[in-house]
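Numbering (full-length UniProt numbering), first residue to last: 1 to 202. Note that beta-carbon positions come from the ideal geometry of N, C-alpha and C, so glycine has one too.
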């Protein structure tokens with residue numbers, strides 16, 4: 001993230017907490033200023049508007065979550081499961097990271113006026129996730145197959161995002177285990193065929 005003054009950093013920390021809970025429309029700069037212990041007028045010495053603050057902390061959130069994805073998928077996949085490490089920690093990450101909760105709330109329920117900008121930020125996050133997944137997929141797959149599996153992986157992650165937002169942890173586990181097993185087996189079978197080896201899914 002870009003360097004910023006201690007005061008602006010505290011404002012951003014408070015803002016992401018506030019926006020993650022109430023969203024853009026119900027958010028109040030008065031409340032954010034109160035959380036920091038300053039007056040609303042003082043807040044305007046750091047940001048020009050609610051929109052500017054909202055997009056500033058959204059960019060922070062996307063960067064933090066891209067960094068988390070990159071770190072999580074940096075190591076070679078265990079048990080030959082590309083992308084599996086992120087799938088396994090996703091529910092815990094959602095519970096622990098206000099930045100992920102804010103990012104998803106904003107992406108799925110964007111304020112209309114900011115939708116184009118929000119879309120670019122969120123798509124950038126997804127592109128990072130897809131690239132990290134594909135970096136773990138062996139080169140035996142054809143480019144069309146790599147593309148299809150990359151998009152299918154994003155579909156699984158976004159499905160889990162929705163379940164985590166609207167359902168409970170038990171439902172998240174059920175959805176994850178069902179989709180991930182089918183995806184993992186399909187990918188393993190496709191890779192075995194592409195490499196000329198024989199492999200039967202479990």
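Just verifying my parser: in three-state terms, what is the DSSP assignment at residue i?
{"i": "residue 103", "result": "helix"}
{"i": "residue 38", "result": "coil"}
{"i": "residue 137", "result": "coil"}
{"i": "residue 83", "result": "coil"}
{"i": "residue 64", "result": "helix"}
{"i": "residue 4", "result": "coil"}
{"i": "residue 168", "result": "coil"}
Look at the Cβ atom of residue i, then the Cβ atom of residue j, and state whether they are nearer than 9 Å.
{"i": "residue 153", "j": "residue 114", "result": "no"}
{"i": "residue 99", "j": "residue 61", "result": "yes"}
{"i": "residue 69", "j": "residue 8", "result": "no"}
{"i": "residue 116", "j": "residue 24", "result": "no"}
{"i": "residue 14", "j": "residue 36", "result": "yes"}
{"i": "residue 83", "j": "residue 136", "result": "yes"}
Drop a sphere of 10 angstroms on the beta-carbon of residue i, count the other beta-carbons inside from all chains shown, and report buried for 16 or more, exposed for fewer.
{"i": "residue 65", "result": "buried"}
{"i": "residue 89", "result": "exposed"}
{"i": "residue 108", "result": "exposed"}
{"i": "residue 202", "result": "The predicted position of residue 202 is uncertain, since its pLDDT is 45 and thus under 50; a value taken from the coordinates is nonetheless stated next. By the 10 Å Cβ count, residue 202 comes out exposed."}
{"i": "residue 182", "result": "exposed"}
Let me make sure I understand the geometry here. Which of the options has the alpha-carbon closest to that of residue i?
{"i": "residue 120", "options": "101, 132, 106 and 162", "result": "106"}
{"i": "residue 52", "options": "29, 135 and 71", "result": "29"}
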